[in-house]
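Trainee: Residue numbers in the sequence shown follow UniProt numbering, run continuously in steps of one, and reach 525 at the last position.
We put the CB at the ideal spot given by N, CA and C, even for glycine.
Attaching a single structure in structure tokens format; questions to follow.
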Amino acid sequence: MDSSQEESKLHVLMVSFPGQGHINPLLRLAKCLASKGLSITFTTTANVGKMLENSNKSITETTAIGSGDLRFEFFSDGWEDDDPRRHDLGLLVPQIESSGRDFITRFITQHAQDHNRRPVSCIINNAFIPWVVDVATEHGIPSAVLWVQSIAVYSVYYHYFHKLASFPTPEDHHASTKIPGLPPLDFDEIPSFLHPSSPYVSLQNAILEQFKNLSKAFRVLVDSFDELEHEQIKIVSSNLPASITTTPLGQFHEQDLERSEIKCTRLLAPSSSNAEGAFEDNKTSTLSAPITPVGPLIKFSTGNEAVRADMWSAADECLTWLDSHPPSSVVYVSFGSVVSLSEEQLAEMAFGLLDAGVPFLWSFRPPFTKHESHSGLPEEFLEHVNHYKKKCLIVKWAPQDHVLAHPSVACFVTHCGWNSTLESLSSGVPVVAFPQWGDQVTDAKFLADVFGVGVRLVRSCEDLKNLSRGDVERCIREVTSGEKAEEMRKNALKWRKAAEDAVAPGGSSDRNVEAFVDEIKSLAR
Ligand code: UDP
């Protein structure tokens, strides 16, 4: 690259909510954009930044990626390192807003005024920090959003927020929900925060707040791909939905959809809890920027595998341990970065794994606080693991993307966070779905019933009290041996191929990323 190209590199600021499931997809997008020649600054809060730097030395310096580059810069959320308020989302979300607004404003101003730095041409943020779009708008900078859950889940929240479908109510807890392009969802298959009995009010608020700002961004990118969620993409990218006033719930047709602009009219559904007063009849409004699938971001090859953002050090021994096992023989277990189980639930899971009689690798995240409920696994189980090291390995954090891509892995016992879901699909690994809350329950439904790659061990955290080692054993057997397992494996391999095709040069997501980069360039002029 000559010096004039170097100078003309556009600078994109990417702002992440400080959680592993948020950072991973945004960083994958950052690497992808850098590989296309953009200069990226990636930011999140300093306390998580410290964890990232401790676990991934490569992120302390600017890294060249393709013809672009990537650097990290963190901002303080204003609290002491061990402040327990961070574990209360209702407190954390507004706290990040006040410190984050100041940081971004200062960052933009400094980069605009200092000739030795590149001015910010575009800002991209992910979930839970929708105010970033406002800061961008105040400074006249175009902004885009990365939605980090499935398009199906986007559609459910969208319908809820804009009061376009009926959901379970305090009077009818068990109502099912019908949304165009999706299978009917039972009360325990909608994202659990929308259920009237959900205790997670601040989580619901944080999620729904995002929908207030989606029309101000110029694009909503999604870590999904056309082949996986074709119907949902077709419907949401047509900018949901037109003229549904007198249409019975769940029965409007494609011809009702219009591009770019929505004629949203109040949904007349007597049983709907939230159908009142959403819009005045025939009022026209644009409710979201265009939705564009750019995933699975994990599959884009950016030539720089070393840049990772694990909050805990990933145990490399996992891969050598997997090397010592035959193809499709190991069960990988992980419940992501947030979920924690009680000692009773852990014991059922642990002994169920032993009873299944297959080798397993369990990623068992360290507790966030000393009060976190999982203090440990049963002694008897740990003794067994120590004794049979060849057959069982427990680590604090695994390089999950590499683990799932390893040929020895036969099955993934997962909590069904969207990243884990997408990673298993794009690695061709069938799952035992073990969802707890939020979008996990919807992802589990899709994994089992729509994508055909797994079985559900539980449907939601309501079922946890009945979790039994017998069920754990049965589900693992079902996914790893027999005719049904073969069918799931075939489906999983089909999704892996589709994911590879989507990100290959000229594939659906690759074209979308290219078009997005062109859009950033044209908006910067
Ligand atoms: N992950 C990992 N190592 C582990 C467990 C999880 O690298 O031992 C990663 C996983 O690959 C995924 C992310 O952490 O990218 C978790 O995101 P997900 O959406 O699945 O769940 P969340 O943690 O947000 O509940």
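For P18, I'd like the list of residues in its chain whose CB is within less than 6 Å of its CB, leaving aside the five on either flank, ordered along the chain.
Mentor: Sequence index remark: in the sequence shown, residue 18 carries index 18 (1-based). So the list reads T44, T45, V48, once near-sequence residues are dropped.
Trainee: Taking three-plus beta-carbon pairs below 8 Å as touching, is the stretch 202-214 in contact with the stretch 127-147?
Mentor: yes
Trainee: Pick helix, strand or coil for A504, following the three-state DSSP scheme.
Mentor: As a first step, residue 504 is located in the sequence shown; it is residue number 504 there, counting from the start. Three-state result, A504: coil.
Trainee: Compute every distance between the C-beta of G454 and the non-hydrogen atoms of ligand 1, then say whether any falls below 7 Å.
Mentor: Taking the sequence shown and counting its residues from 1, one reaches residue 454 at position 454. No, Cβ of G454 sits at least 7 Å from all heavy atoms of ligand 1.
Trainee: Among S427, T292, K389, D102, which residue has its Cα nearest to the Cα of H325?
Mentor: Here residue 325 refers to the residue found at position 325 when the sequence shown is read from its first residue. Considering only alpha carbons, the answer is K389.
Trainee: So what does DSSP say about T247, is it helix, strand or coil?
Mentor: For the purposes of this step, residue 247 is taken as the residue at position 247 of the sequence shown. Residue confidence for T247 is low, a pLDDT of 31 falling below 50, so the modelled location carries little weight; the figure read from the coordinates is stated next. In the structure shown, T247 sits in coil (DSSP, three-state: anything other than H, G, I, E or B).
Trainee: Looking at ligand 1, does it come within less than 7 Å of D401, judged from the CB to the closest heavy atom?
Mentor: In the sequence shown, residue 401 corresponds to position 401, counting from 1. Checking the Cβ of D401 against ligand 1 gives yes.
Trainee: List the endpoints of the continuous alpha helix (DSSP H) containing N24.
Mentor: Translated into the one-based positions of the sequence shown, residue 24 becomes position 24. Here the alpha helix (DSSP H) through N24 covers 20-35.
Trainee: To the nearest angstrom, how far is the alpha carbon of N512 from that of P199?
Mentor: Taking the first residue of the sequence shown as position 1, residue 512 is located at position 512. Taking the first residue of the sequence shown as position 1, residue 199 is located at position 199. Roughly 38 Å between the two C-alpha positions.
Trainee: Does at least one heavy atom of ligand 1 sit under 7 Å from the Cβ of V441?
Mentor: The residue labelled residue 441 in the question sits at position 441 within the sequence shown. Every heavy atom of ligand 1 is 7 Å or more from the Cβ of V441, so no.
Trainee: Quick one: which unbroken beta strand (DSSP E) runs of 3-plus residues sit fully inside the stretch 290-326? Chain order, please.
Mentor: Every unbroken stretch of the beta strand (DSSP E) spanning 3 or more residues and falling wholly within the stretch 290-326 is given here in chain order: 291-293.
Trainee: Taking the straight line between their C-alpha atoms, what separation do you get for G250 and S420?
Mentor: For this step, residue 250 is matched to residue 250 along the sequence shown. For this step, residue 420 is matched to residue 420 along the sequence shown. Its pLDDT being 32, under 50, G250 is placed unreliably by the model, and nothing is read from it.
Trainee: Output the distance between the C-alpha atoms of Y160 and V133, rounded to the nearest integer angstrom.
Mentor: The residue you call residue 160 lines up with position 160 of the sequence shown. The residue you call residue 133 lines up with position 133 of the sequence shown. Roughly 22 Å between the two C-alpha positions.
Trainee: Would you list the residues sitting across from Y157 in a DSSP beta bridge?
Mentor: Working through the sequence shown from its first residue, we reach residue 157 at position 157. Note: Y157 sits in no beta bridge, so no partner.
Trainee: Report buried or exposed for V333, applying the criterion of at least 16 other Cβ atoms within 10 angstroms of its Cβ.
Mentor: Counting from one through the sequence shown, the residue named residue 333 turns up at place 333. Under this definition V333 is a buried residue.
Trainee: Residues in its own chain within less than 7 Å of A504 by CB, not counting five upstream and five downstream?
Mentor: As a first step, residue 504 is located in the sequence shown; it is residue number 504 there, counting from the start. Excluding sequence neighbours, A504 sits near D510.
Trainee: Are there 16 or more other CB atoms within 10 angstroms of the CB of N54, so buried, or fewer, so exposed?
Mentor: Here residue 54 refers to the residue found at position 54 when the sequence shown is read from its first residue. Looking at its Cβ environment, which holds fewer than 16 other Cβ atoms inside 10 Å, N54 is exposed.
Trainee: Could you tell me the boundaries of the beta strand (DSSP E) in which F412 lies?
Mentor: For the purposes of this step, residue 412 is taken as the residue at position 412 of the sequence shown. From DSSP, the beta strand (DSSP E) with F412 extends over 409-414.
Trainee: How about L33 and A309: are their beta carbons less than 8 Å apart?
Mentor: Residue numbering aside, residue 33 sits at position 33 when the sequence shown is read from its first letter. Residue numbering aside, residue 309 sits at position 309 when the sequence shown is read from its first letter. No, the pair does not count as a contact, with Cβ atoms beyond the cut-off.
Trainee: May I have the straight-line CA-CA distance separating S426 from H406, to the nearest angstrom?
Mentor: For the purposes of this step, residue 426 is taken as the residue at position 426 of the sequence shown. For the purposes of this step, residue 406 is taken as the residue at position 406 of the sequence shown. So the alpha carbons of these two residues sit roughly 12 Å apart.
Trainee: Relative to the C-alpha of F74, which residue among T41, G507, L228, D449 is closest?
Mentor: Counted from its first residue, the sequence shown places residue 74 at position 74. Ranking the options by Cα distance to F74, first place goes to T41.
Trainee: For the alpha helix (DSSP H) that contains D226, what are its first and last residues?
Mentor: Counting from 1 along the sequence shown, the entry for residue 226 is found at position 226. No residue range can be given for D226, since it is assigned to no alpha helix (DSSP H) and is classified by DSSP as neither H nor E.
Trainee: Just to confirm my understanding: we take S16, look at its own chain, exclude 5 residues before and 5 after, and list those with CB closer than 6 Å. What are they?
Mentor: Position 16 of the sequence shown holds residue 16. Counting only Cβ-Cβ distances below 6 Å, and skipping sequence neighbours, we find H22, I23, L26, T44, N126.
Trainee: Tell me whether the beta-carbon of T480 lies closer than 8 Å to the beta-carbon of L185.
Mentor: Taking the sequence shown and counting its residues from 1, one reaches residue 480 at position 480. Taking the sequence shown and counting its residues from 1, one reaches residue 185 at position 185. For T480 and L185, no; Cβs fall outside 8 Å.
Trainee: Measuring straight from C-alpha to C-alpha, what distance separates V409 and E80?
Mentor: Reading the sequence shown from its first residue, position 409 is the one you call residue 409. Reading the sequence shown from its first residue, position 80 is the one you call residue 80. If you take the alpha carbons of V409 and E80, they lie about 41 Å apart.
Trainee: Quick check on the DSSP output: the beta strand (DSSP E) that includes R456 runs from which residue to which?
Mentor: By 1-based counting over the sequence shown, the position of residue 456 is 456. Run containing R456: 454-456, per the beta strand (DSSP E) assignment.
Trainee: Taking S301 as the reference, which of K9, L10, A30 has the closest Cα?
Mentor: The residue labelled residue 301 in the question sits at position 301 within the sequence shown. Minimum Cα distance to S301 is reached at A30.
Trainee: Enumerate, from N- to C-terminal direction, the unbroken beta strand (DSSP E) stretches of 3 or more residues contained entirely within the stretch 108-166.
Mentor: DSSP assignment within the stretch 108-166 yields the following whole beta strand (DSSP E) runs of 3 residues or more, N-terminal first: 120-125, 143-147.
Trainee: Leaving out the 5 sequence neighbours to the left and right, which residues in its chain are closer than 8 Å to S98 when beta-carbon positions are compared?
Mentor: Within the sequence shown, the letter at position 98 stands for residue 98. So the list reads G78, once near-sequence residues are dropped.
Trainee: How about H415: is its Cβ closer than 7 Å to a heavy atom in ligand 1?
Mentor: Residue 415 sits at position 415 when you count from the first residue of the sequence shown. H415: yes, Cβ under 7 Å from ligand 1.
Trainee: Would the stretch 443-458 and the stretch 428-435 be scored as touching if the rule is three or more Cβ pairs under 8 Å?
Mentor: Yes: the two stretches touch, three or more of their Cβ pairs being nearer than 8 Å.
Trainee: Q149 to H402, Cα distance in whole Å?
Mentor: Position 149 of the sequence shown, counting from 1, holds the residue named residue 149. Position 402 of the sequence shown, counting from 1, holds the residue named residue 402. Rounded to whole angstroms, Q149 to H402 spans 21 Å at the Cα level.
Trainee: Which residues in the same chain as H253 place their Cβ atom closer than 7 Å to its Cβ, once the five residues preceding and following it in sequence are excluded?
Mentor: Working through the sequence shown from its first residue, we reach residue 253 at position 253. Here H253 scores only 36 on pLDDT, less than 50, and its place in the model is too uncertain to base an answer on.
Trainee: Tell me the residue span of the beta strand (DSSP E) that contains I65.
Mentor: By one-based count along the sequence shown, residue 65 stands at place 65. 63-65 is the span of the beta strand (DSSP E), which, as asked, contains I65.
Trainee: Should K163 be labelled buried (16 or more other beta-carbon atoms within 10 Å of its own) or exposed?
Mentor: Indexing the sequence shown from 1 puts residue 163 at position 163. Buried, by the Cβ-count rule.
Trainee: Suppose only complete runs of 4+ residues qualify. What are the alpha helix (DSSP H) ranges in the stretch 429-483, listed by chain order?
Mentor: 440-445, 469-480
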